[in-house]
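Below is one structure; the comments refer to it alone.
2 protein chains.
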Amino acid sequence: MHKTRKTVKIKDIAAELGVSNSLVSKVISGNLGTTKVRPELQEKILKRAKELDFRPNPLSSALKRGRFGAIGLLIHPIGVPGSELFDNLLKGITKELNNHGLRLWLQFFEDDQGFFDFCNQEIHRSVDGLIVAGVPHPTIHSLIESLNKDGLPIITSMRRHTVPNIANITYNDYLQGKVATQHLIEKGCQRPAFFTVFEAEDERKQGYLDALSEAEIPFDESLIIAPTKNHYSHNFSFMAGRQMTEALINCNVHFDGIVGQSDMQAIGAMNTLRERGIDVPSQVRVIGVDDSPFCTASTLPLSSVTAEMTTIGHELIKRLVAYIDGDKPESLAVPPQVIERESTR
Amino acid sequence: MHKTRKTVKIKDIAAELGVSNSLVSKVISGNLGTTKVRPELQEKILKRAKELDFRPNPLSSALKRGRFGAIGLLIHPIGVPGSELFDNLLKGITKELNNHGLRLWLQFFEDDQGFFDFCNQEIHRSVDGLIVAGVPHPTIHSLIESLNKDGLPIITSMRRHTVPNIANITYNDYLQGKVATQHLIEKGCQRPAFFTVFEAEDERKQGYLDALSEAEIPFDESLIIAPTKNHYSHNFSFMAGRQMTEALINCNVHFDGIVGQSDMQAIGAMNTLRERGIDVPSQVRVIGVDDSPFCTASTLPLSSVTAEMTTIGHELIKRLVAYIDGDKPESLAVPPQVIERESTR
DNA sequence: CTGAAAGCGCTTACAG
DNA sequence: CTGAAAGCGCTTACAG
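These protein sequences, in sequence, are chains D and R.
So that you can map any letter, position 54 of the first sequence is 53 in numbering that gives the first Met the number 0, and since no number is skipped, the others follow by simple counting.
So that you can map any letter, position 303 of the second sequence is 302 in numbering that gives the first Met the number 0, and since no number is skipped, the others follow by simple counting.
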């Protein structure tokens with residue numbers, strides 16, 4: 000066994016100064032309550048505590064208070080590889096947690112089983128609140144609901160299939176589609192194509208349609224195109240972007256812009272366009288989604304629409320903290336920004 | 000305040016079954032010690048605990064046992080954006096932690112101040128061991144050493160400037176340089192160029208030199224090239240790769256391969272080569288480092304050498320767990336793999 | 001075979 | 001002005 004850590008305890012200080020444990024605890028925590036203490040004694044206690052670098056054992060405090068001073072983050076790590084969406088979320092969460100003096104328990108889960116395992120691991124028994132993020136399968140929804148009903152404050156950050164009665168904070172698909180399209184229109188596009196994904200509903204597509212109609216540009220069905228294969232990792236890929244671009248060209252569709260569903264798709268599109276002798280941005284302007292590191296790594300820097308994951312992280316914590324204090328939070332879809340680069344200049 | 004969570008406690012079960020708290024605790028934890036219990040009573044206790052979904056409060060157990068059942072991870076998140084090195088590390092760590100039934104406290108720090116703040120946040124008072132990862136400034140070394148001397152098991156995962164007397168687990172720079180070069184030589188390169196970075200010592204370069212000499216290829220100084228600007232975020236960038244490639248071409252250096260210091264550099268190089276009408280891989284073979292998502296997103300898929308971050312994560316936890324149990328661990332530099340793609344075929 | 005009791009290190013309502 | 005005492009929910013050496 001590793002050498003045990005020596006730690007200063009309240010009773011050590013109390014014994015040394017000849018006062019009670021209670022007084023030391025109260026002075027140090029600042030929770031005097033009805034207690035009065037002589038300023039010079041208070042001073043003396045604080046001074047000694049500082050000298051000894053005393054810190055209350057968080058376990059004992061938590062046990063006594065019934066608060067853990069911690070929140071749990073349960074992540075289902077699906078996302079476009081390299082997009083850094085998850086990294087930015089984590090950055091936002093940890094930063095905001097520090098503002099509240101809270102700590103973070105982190106756990107990943109790959110599938111439903113992983114989520115059930117988590118519930119068996121009792122992390123939810125060690126936190127004051129929980130965030131569940133990712134694109135998990137709806138089978139875990141009832142478990143999330145039941146944890147919440149048992150009194151655990153929970154907020155999710157899921158893209159689809161939100162849990163009934165649980166606030167959800169995520170990016171704004173609708174506005175992402177809309178502002179990306181508006182950006183192309185502002186730059187002069189009259190026939191922007193739209194890459195879609197293999198899904199029943201697509202809010203981004205609605206954003207695209209609304210942007211067109213607000214600009215009084217007639218909608219042409221042939222400008223909407225989907226990948227040929229329905230698999231999550233394929234839908235947003237480089238190859239999907241290439242395939243859809245090939246398809247547009249081969250079908251002789253006239254288009255002067257492309258709204259991708261990811262930066263990877265958009266870069267795939269740019270490469271195909273270039274190979275076919277079509278210039279970006281003079282002949283076709285291209286914009287992606289996520290504002291990932293790929294944008295500045297491609298041959299021609301790619302314009303993109305942000306996902307605002309850092310902001311989402313901040314909001315998750317702010318609202319979870321309020322929730323723990325009794326305010327049931329509202330859902331939120333954070334509006335995106337357009338980041339303009341050479342691909343749409 | 001949010002509705003308090005109702006939880007089943009040991010004494011609830013004990014009261015209900017008319018036995019002592021002690022017996023319930025012992026039966027459930029499986030630590031009977033010298034205690035004997037009638038099988039049918041044992042059965043009854045376990046059955047009821049299961050029915051009520053009883054889980055011991057981890058805080059109480061930890062307080063009593065003096066073990067927290069948790070380890071801390073303190074990350075200094077520098078790394079090539081989009082490389083996913085950090086994500087993979089985290090994946091390895093969390094997976095291995097689950098095997099040991101341990102939980103993870105996560106904290107980021109941007110600079111020295113962040114590290115000191117962390118130490119004020121007492122996370123190290125709530126964990127059985129600590130991992131410090133990244134490329135932090137050496138000013139925090141003494142603090143790490145002193146935490147360790149106070150009895151906290153610590154392992155680092157740092158690239159340079161390891162802390163004296165603290166085991167360090169990271170990727171193997173030397174072998175990365177060597178196997179990348181060997182791969183190019185196997186593919187027929189006789190004059191591979193080597194991108195270096197703006198640093199005093201460069202283990203990868205030594206790997207390159209040894210690979211050449213083992214293959215009896217004479218070393219030509221003009222094949223070694225560095226970026227023109229010394230800034231961390233520039234050293235490994237796309238633009239650095241372009242600049243170094245331009246420089247090689249402009250100086251009329253004859254070369255038939257490139258070993259990059261990152262995938263971004265290598266992709267920058269491939270783009271420049273292509274623009275200058277030089278074919279990859281037939282005229283110049285290119286290989287990167289990190290095996291990041293960029294490799295399959297570039298126009299021509301890029302061969303790369305892995306960083307093995309998931310393995311590093313596993314090893315960190317395995318060794319930290321052993322350390323907590325009393326075995327002071329050794330350092331380790333995990334050997335890389337070559338992932339062959341079109342850029343070196 | 002089983003339980004009473006002490007204790008992990010705090011916090012706080014209550015009594016002087 | 002200050003302290004004794006109870007208690008958070010477990011665990012375990014010890015006594016029957």
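Glycine is no exception: its CB is placed at the ideal position from the N, C-alpha and C atoms.
Keep in mind the model is a prediction, meaning the values are calculated, not measured.
Between F114(D) and A132(D), the alpha-carbon positions lie close to 12 Å from each other. Of all residues in the stretch 142 to 163 of chain D, those with a C-beta nearer than 8 Å to a C-beta of chain R are D149, G150, L151 and P152, reading in chain order. An exposed status is given to Q282(D), since fewer than 16 other beta-carbon atoms sit within 10 Å of its beta-carbon.
Contact between the stretch 71 to 90 of chain R and the stretch 123 to 130 of chain R is present, with at least three C-beta pairs closer than 8 Å.
At least 9 Å separates the CB of I165(D) from every CB of chain R. Taking a Cβ-Cβ cut-off of 8 Å, the neighbours of S59(D) in chain R comprise L62, given in sequence order. A210(R) and Q336(R) have their C-alpha atoms roughly 15 Å apart. Against I266(R), the close residues of chain D are A296, in the order they occur along the chain (beta-carbon pairs closer than 8 Å). Interface residue (Cβ-Cβ distance to chain D less than 9 Å): S24(R) is not classified as such. One finds nothing in chain R with a Cβ atom closer than 8 Å to the Cβ of S232(D); even the nearest lies about 11 Å away. With its beta carbon less than 9 Å from one in chain R, L89(D) belongs to the interface. At a cut-off of 9 Å between C-beta atoms, E83(R) counts as an interface residue with respect to chain D. Each residue's CA atom was taken as its position, placing I153(D) and T195(R) some 48 Å apart. Rounded to whole angstroms, the gap between the alpha carbons of L301(R) and M157(R) is 26 Å. Rounded to the nearest angstrom, the Cβ distance from S261(D) to D219(D) is 23 Å, too far for a contact under 8 Å.
Below the 7 Å Cβ cutoff, chain R contributes T298 as neighbours of N270(D), in chain order.
The beta carbon of L247(R) sits closer than 7 Å to the beta carbons of A192, I224 and F254 from its chain, once the five residues preceding and following it are set aside; these are given in chain order.
Under the Cβ criterion (8 Å, minimum of three pairs), the stretch 90 to 105 of chain D counts as touching the stretch 308 to 319 of chain D. Pairwise C-beta distances place the stretch 319 to 328 of chain D out of contact with the stretch 22 to 30 of chain R, as fewer than three of them are shorter than 8 Å. For P137(D), the secondary structure class from DSSP, reduced to helix, strand or coil, is helix.
The beta carbon of F67(R) sits closer than 9 Å to some beta carbon of chain D. DSSP places L301(R) in no alpha helix (DSSP H); its state is neither H nor E. Here DSSP, grouped into helix, strand and coil, assigns G287(D) to strand. The continuous alpha helix (DSSP H) containing L174(D) extends over residues D172 to E185. Of the other Cβ atoms in all chains shown, 16 or more fall within 10 Å of the Cβ of V23(R); this residue is therefore buried.
Nearest C-alpha to T155(D) among T169(D), L272(D) and G78(D): T169(D). Counting every other CB atom within 10 Å of its CB across the protein chains shown gives H160(D) a total below 16, marking it as exposed. Chain order gives the chain R residues near R124(D) as T6, R54, N56 and P57, where near means a beta carbon separation below 8 Å. Within the stretch 99 to 111 of chain R, R102, L103, W104, L105, Q106 and F107 place their CB atoms closer than 7 Å to a CB of chain D, listed in sequence order. Under the three-pair Cβ rule at 8 Å, the stretch 46 to 55 of chain D does not count as touching the stretch 265 to 272 of chain D. Per DSSP, reduced to three states, the secondary structure at A166(D) is coil, with no helix or strand assignment. Excluding sequence positions up to five before and after I139(D), its CB lies within less than 6 Å of the CB of D111 and F114, all in the same chain and listed in chain order. Against chain R, a Cβ distance below 7 Å from S291(D) picks out G81.
Taking 9 Å as the threshold, the shortest C-beta distance from K94(R) to chain D falls below it. Residue contact with chain D for M263(R): present (Cβ-Cβ distance below 9 Å to some residue of chain D).
Here the alpha carbon of A296(D) sits roughly 12 Å from the alpha carbon of S82(D).
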